[in-house]
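Heads up, the sequence shown is in the UniProt record's numbering, so the first residue is 1 and it goes up one at a time. Glycine residues also receive a C-beta, built at the ideal position from the N, C-alpha and C atoms. All values derive from a computational prediction rather than experimental measurement. Structure, as structure tokens:
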Amino acid sequence: MEFLVVGLNHRTAPVEVRERLSLNKEQLPEA
């Protein structure tokens, strides 16, 4: 099993980076 952890500060990260890492509801697995 592999895990990828990404840290991102919503105040200091550029909008372009935040948009690339954002997920919509269809991309999230069912809980």
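On a CA-only basis, which of the options is nearest residue i? Give me that one, please.
i: Leu21; options: Glu2, Gly7, Pro29; result: Gly7
Grab me the residues of residue i's own chain with a C-beta within less than 8 Å of its C-beta, minus the 5 sequence neighbours each way, in chain order.
i: Arg18; result: Leu8, His10
In its own chain, which residues sit with a C-beta less than 6 Å from the C-beta of residue i, not counting the 5 before and 5 after it?
i: Ala13; result: none
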